[in-house]
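Residue numbers (the working numbering), protein chains in the order written: chain Z, -13 to 55; chain R, 57 to 194.
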């Protein structure tokens, strides 16, 4: 009896948290009030820049007189 | 004798005339580029991130004129290209070209300028390009 009582307080608090959690029941999922927005602007912007730089590269290659070294 | 002389003269003069004509036609563009190349080497003209050439300090009228003329031609080219892409401004096109010129048209020892920055001299490594450049860091 003595031995048991002294062991109980040594159970880590971390291990007790799931037990407490289990008592509160199921996980609740609630739909957000606003529609979910996925922002694609960043990717599109990047693609525009890549394409423009390809144009720029051709411009430089085809018109070296405009870009003397 | 006199006939021979004139024929010889014609033989000598004709190539010279043609050569000078050719030089005259190619002259302005060539001279402009060489003025700019020399100024770039001297560190008074450099590429800017905005896609145009800039001058550092006071430059001669020749250099100023050559830079202005070239920048006008560049603007015309940027305007043409921007018109082909919807939603692309002339400044966008110019900046995209600036990314490329900073990457490939600045030699070690030449000067360059980032947006709103001071003139810098390119070292041995690549120029660290603005974040918006597709080639940033590469």
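Positions of the beta carbon are idealized from the N, C-alpha and C atoms, including for glycine.
Three-state class that DSSP yields for residue i in the structure shown
| i | result |
| --- | --- |
| residue 134 of chain R | helix |
| residue 111 of chain R | strand |
| residue 14 of chain Z | coil |
| residue 183 of chain R | coil |
| residue 30 of chain Z | helix |
Residue of the options minimising C-alpha distance to residue i
| i | options | result |
| --- | --- | --- |
| residue 144 of chain R | Z/55, Z/33, Z/50, Z/51 | Z/33 |
| residue 166 of chain R | R/129, R/141, R/180, R/156 | R/180 |
| residue 137 of chain R | Z/41, Z/53, Z/51, Z/54 | Z/41 |
| residue 113 of chain R | R/105, R/98, R/188 | R/98 |
| residue 35 of chain Z | R/103, R/90, R/150 | R/150 |
Chain-ordered neighbours of residue i on chain R, where CB pairs are closer than 8 Å
| i | result |
| --- | --- |
| residue 30 of chain Z | Under the 8 Å cutoff, chain R gives no residues; its nearest Cβ is about 10 Å from residue 30 of chain Z. |
Within chain Z, the residues that residue i reaches when beta carbons sit closer than 8 Å
| i | result |
| --- | --- |
| residue 144 of chain R | 34, 38 |
Partners in chain R for residue i, counting only beta-carbon separations shorter than 9 Å
| i | result |
| --- | --- |
| residue 17 of chain Z | Residues of chain R passing the Cβ test: none, with the nearest at roughly 35 Å. |
Residue-chain proximity (residue i, chain R), Cβ-Cβ < 8 Å
| i | result |
| --- | --- |
| residue 25 of chain Z | no |
| residue 54 of chain Z | yes |
Partner residues on chain Z for residue i, Cβ-Cβ distance less than 7 Å
| i | result |
| --- | --- |
| residue 169 of chain R | What residue 169 of chain R touches in chain Z: nothing, since even the nearest Cβ is about 16 Å away. |
Neighbouring residues, chain R, relative to residue i (Cβ below 7 Å)
| i | result |
| --- | --- |
| residue 43 of chain Z | 156 |
Chain Z contact for residue i (CB, 8 Å cutoff)
| i | result |
| --- | --- |
| residue 148 of chain R | yes |
| residue 174 of chain R | no |
Task: Contact the stretch 111 to 127 of chain R vs the stretch 37 to 46 of chain Z: 3+ CB pairs below 8 Å - done: Verdict: no, contact absent.
Open item on the list: Closer than 8 Å is the cut-off here; do at least three beta carbon pairs connect the stretch 9 to 23 of chain Z with the stretch 151 to 164 of chain R?
Closed with: These segments do not touch.
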